[in-house]
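**Student:** Here it is, the structure, as C-alpha cells.
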Amino acid sequence: MTDHTSDPNGPTDPTLDERRLAALLADARALPREIAPPPELHARVRRAALAARPADGRGHRWQGLAAWRRAAAVLLLAGTAGSAWWMGRSAGREEGRDDARAVARAADSVPVTAVAATRDHEMAIAEMHAILERERADGTLAPETVAIVERNLRIIDAAILEARAAVARDPGSRAAVELLRATYVQKADLLRQALATLTPA
Amino acid sequence: MTPSTASAASHLRVLPSDDADLVDGARRGDPSAFDALYARHAGRVFAVCLRMTADRVRAAELTQDVFVLAWRGLPGFRGDAQLASWLHRLAVNAVLADARARRRRESRVSLAEDEDDVPAGTAAAAAADDRMDLEAALTRLPDGARRVFVLHDVEGYTHDEIAALLGCTSGTCRTQLHRARRRLMELLDR
C-alpha cells in the first residue's frame with residue numbers, strides 16, 4: 661500500500677486504495693451500536709448512583725452554611741481579588757436554607773456565556789466527584805481526606821451557587837463571570853488534590 | 026443520507042414517551058427508573074467507552090461514572106437534548122477526561138505526538154485466526170488515533186466537533202484519522 665502523508669489536511673486522500681478504505685468505513689459503520697457490559701456492573705453502578713443521590717429524591721447534600729462563613733472560607737481557599745469582591749457582596753446576606761433556595765432559583769437564569777465558561781469545569785468536576793464517590797465507597801480514601809474534602813466541598817458548592825446567582829443578577833459583569841469560573845477552578849483543584857492522595861493500585 | 030450524517034442523526038431521534046417517563050421517575054429518585062435507564066442505555070454507553078479506551082476494566086469504570094453522573098444530573102435535565110445523546114456525550118467526555126487525567130499523572134506526551142504503535146491496553150484478545158476483526162484491530166491503535174477513528178468513523182462526529190472535544194486542531198484530527206485508517210487497513214489485511 662502506498663504511504664500517503666502528503667495531504668493529511670484534505671477532506672479525502674485520493675491516493676489511498678479506495679476499495680479497501682470503503683470496506684473499512686463500511687465495517688466501522690456496521691459495528692454494533694451496543695456492547696453488553698459485564699453483568700455484575702449493573703449492581704455496582706446502581707449502588708454507586710443511589711449513594712450519590714438517595715432514592716428519596718434529595719438533591720445535593722451539602723447546603724445550608726451561613727453566607728458569611730462561605731465567604732470567609734472561599735477567601736481563605738482562594739486568596740484572590742475575585743474572592744474579596746465576592747465576600748463584599750455576600751457580607752450582608754442572611755443565613756439559612758431559604759437563602760440557599762433563593763440563590764438556587766436565581767442561578768437558573770445564568771446566561772449562556774457564563775455557562776460556556778464553566779461547562780468544561782462542570783464536566784471535569786462531575787467526573788472527579790464520581791471517581792471520589794467510588795473510591796470512598798470502596799474504602800480507598802482515607803477518612804480524614806473524606807472529611808476535609810466534604811467540608812470544603814460544602815463551602816465551595818454554596819459559593820458556586822451564590823456566584824451563579826451574582827451572574828444571573830448582572831449578566832454583563834465580567835468580574836461576576838470570572839469569579840464564577842474561578843470558583844469552579846477552586847473546586848476542580850480541591851478534587852484533584854483529593855484524587856492525588858489515592859495510592860495507585 | 027450519507028454514512029456520517031446517518032451516524033450523527035442517530036443522536037437526533039425524537040424522545041420516546043417512555044424515555045420521558047423515565048426522566049420523570051429519575052427526577053423523583055425512583056430506583057426503578059434508574060434500573061430502566063441503565064437497561065436501556067448501558068450497552069450504548071459501554072460500547073463508546075470500550076471502543077475509545079480498548080480496556081474493558083476502564084470501560085466498566087467509566088460506564089459506572091457516566092451513570093452516576095447521569096443519575097445526579099437528571100433532576101436538572103431539561104430535555105433540550107435527547108436523553109441518549111446526552112448520555113453519549115457524557116460517555117465521550119468521561120473517556121476524554123479520564124485520558125487527560127491519566128496523561129497528567131503519567132506525564133505522557135500530548136495527543137499530537139501520540140504516533141507510536143503503543144499497545145492500547147487489556148482489551149478483548151485479537152481474533153484467534155490470522156484475520157483480525159475490526160474490534161480487535163481498534164485495540165491495536167495508539168490511543169489518540171483510536172479515539173479519533175471511533176469518534177469520526179464509528180460515531181459520526183465531524184472533524185471540528187472532535188477537535189473541540191480533544192482540544193486540538195481539525196488538521197491534527199485529520200492526520201490522526203488518516204494514520205488510524207492506514208494502520209487499520211494494514212492490520213485487517215494480515
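Chains as they are written, first to last, in the working numbering: chain A, 661 to 861; chain B, 26 to 215.
Glycine included, every Cβ here is placed at the ideal spot set by N, Cα and C.
Inspect the beta-carbon positions of A:Leu681 and A:Ile785 and report whether they are closer than 8 angstroms.
**Tutor:** No, the Cβ-Cβ distance between A:Leu681 and A:Ile785 is not below 8 angstroms.
**Student:** From the beta carbon of A:Glu795, is the nearest beta carbon of chain B less than 8 angstroms away?
**Tutor:** No - not a single Cβ of chain B is within 8 angstroms of the one on A:Glu795.
**Student:** Would B:Pro56 pass as an interface residue toward chain A - the criterion being a Cβ-Cβ separation below 8 angstroms?
**Tutor:** Chain A contact via Cβ: present.
**Student:** Is A:Leu850 close to chain B? Criterion is C-beta to C-beta, closer than 8 angstroms.
**Tutor:** Closer than 8 angstroms: no.
**Student:** Do the segment 82-101 of chain B and the segment 50-61 of chain B meet, that is, are 3 or more Cβ pairs less than 8 angstroms apart?
**Tutor:** Yes, the segment 82-101 of chain B is in contact with the segment 50-61 of chain B.
**Student:** With burial defined as no fewer than 16 other Cβ atoms inside 10 Å of the residue's Cβ, what is the status of B:Glu211: buried or exposed?
**Tutor:** B:Glu211 should be labelled exposed.
**Student:** Report back the beta-carbon spacing between B:Arg208 and B:Ala79 to the nearest angstrom; my notes put them in contact at under 8 angstroms.
**Tutor:** Actually they are not in contact, since the Cβ atoms of B:Arg208 and B:Ala79 sit about 13 angstroms apart, beyond 8 angstroms.
**Student:** Name, please, each residue of chain D whose Cβ falls closer than 8 angstroms to the Cβ of B:Tyr63.
**Tutor:** Going by chain labels, chain D is absent from the structure shown, which instead holds the protein chains A and B.
**Student:** Using only CA atoms, which one of A:Glu793, A:Ile820, A:Thr805 and A:Ala842 lies nearest to B:Leu87?
**Tutor:** For B:Leu87, the nearest C-alpha among the options comes from A:Glu793.
**Student:** Should B:Gln89 be flagged as near chain A, meaning a C-beta pair shorter than 8 angstroms?
**Tutor:** Closer than 8 angstroms: yes.
**Student:** If you drop the 5 nearest sequence neighbours on each side, which residues of the same chain put their C-beta closer than 6 angstroms to that of A:Ala823?
**Tutor:** The answer, listed in chain order, is Leu839, Leu840 and Thr843.
**Student:** Grouping DSSP H, G and I as helix and E and B as strand, with all else coil, what is B:Leu75?
**Tutor:** Looking at B:Leu75 - three-state DSSP - the assignment turns out to be helix.
**Student:** What does the alpha-carbon distance come out to for the pair A:Lys847 and A:Val809?
**Tutor:** Their Cα atoms are separated by approximately 10 angstroms.
**Student:** So which of B:Val120, B:Val175 and B:Leu47 has the shortest CA-CA distance to B:Asp60?
**Tutor:** Taking only the C-alpha atoms, the option nearest B:Asp60 is B:Leu47.
**Student:** If I measure Cβ to Cβ from B:Leu176 and keep anything under 6 angstroms in the same chain, skipping five residues before and after, which residues do I get?
**Tutor:** Here the set comprises Tyr182 and Ile187.
**Student:** Does the distance from the C-beta atom of B:Arg76 to that of B:Val173 stay below 8 angstroms?
**Tutor:** In this structure, B:Val173 does not lie closer than 8 angstroms to B:Arg76 by Cβ.
**Student:** Residues of chain B with a CB under 7 angstroms from the CB of A:Asp687: which are they?
**Tutor:** Those are Leu159, listed as they occur along chain B.
**Student:** Thinking B:Ala116 and B:Val70 are a contact (beta carbons under 8 angstroms), I'd like their distance in whole angstroms, please.
**Tutor:** That pair is a contact at about 5 angstroms.
**Student:** So for B:Asp60, helix, strand or coil by DSSP?
**Tutor:** Of the three classes helix, strand and coil, the one that applies to B:Asp60 here is helix, per DSSP.
**Student:** Around the C-beta of B:Val82, are 16 or more other C-beta atoms found within 10 angstroms, so that it is buried, or is it exposed?
**Tutor:** Answer is exposed; the Cβ neighbour count stays below 16.
**Student:** Please report the Cβ distance between A:Leu701 and B:Ala64, rounded to the nearest whole angstrom; I am assuming they are in contact, meaning their Cβ atoms lie under 8 angstroms.
**Tutor:** That pair is no contact at about 12 angstroms.
**Student:** Please list, in chain order, the chain B residues whose beta carbon lies closer than 7 angstroms to that of A:Arg693.
**Tutor:** Chain B residues near A:Arg693: Arg69 and Ala72.
**Student:** Just checking B:Gly169 against the ligand ZN - is the residue's beta carbon closer than 7 angstroms to any of the ligand's heavy atoms?
**Tutor:** With respect to small molecules bound, the structure shown includes none, and the ligand ZN cannot be examined in it.
**Student:** Applying the 10 Å Cβ sphere with the 16-neighbour rule, what's the burial state of B:Asp185?
**Tutor:** It counts as exposed.
**Student:** Select from the segment 192-207 of chain B all residues with a C-beta closer than 7 angstroms to any C-beta belonging to chain A, and list them in chain order.
**Tutor:** Cβ contacts with chain A: Gly196, Arg199, Thr200, His203 and Arg206.
**Student:** CB-CB under 6 angstroms to A:Leu801, same chain, minus the five flanking residues each way: which ones, in chain order?
**Tutor:** Excluding residues within five positions, the ones whose Cβ falls inside 6 angstroms are Glu795.
**Student:** Please state whether the Cβ-Cβ distance between B:Arg206 and A:Leu691 is less than 8 angstroms.
**Tutor:** No; because the gap between Cβ atoms is not below 8 angstroms, this pair is not in contact.
**Student:** From which residue to which residue does the alpha helix (DSSP H) around A:Gln853 run?
**Tutor:** From DSSP, the alpha helix (DSSP H) with A:Gln853 extends over Arg834 to Ala856.
**Student:** Of the residues A:Met788, A:Pro699 and A:Glu782, which one's Cα is nearest the Cα of B:Arg127?
**Tutor:** Considering only alpha carbons, the answer is A:Met788.
**Student:** State the Cα-Cα distance for the pair A:Ala797 and A:Ile820, rounded to the nearest angstrom.
**Tutor:** Their backbone Cα atoms lie some 26 angstroms apart in a straight line.
**Student:** Mind checking if B:Ala79 is an interface residue toward chain A, Cβ cutoff 8 angstroms exclusive?
**Tutor:** No, B:Ala79 lies away from the interface with chain A (no Cβ there is under 8 angstroms from its Cβ).
**Student:** Alpha carbon to alpha carbon, how far is A:Ser833 from A:Ala826?
**Tutor:** When rounded, the distance between both Cα atoms is 9 angstroms.
**Student:** For B:Ala119, which residues of its own chain have a beta-carbon under 6 angstroms away from its beta-carbon, when the five flanking residues on both sides are left out?
**Tutor:** If we look at B:Ala119 and ignore the five residues flanking it on each side, its Cβ neighbours are Leu87, Asp90 and Val91.
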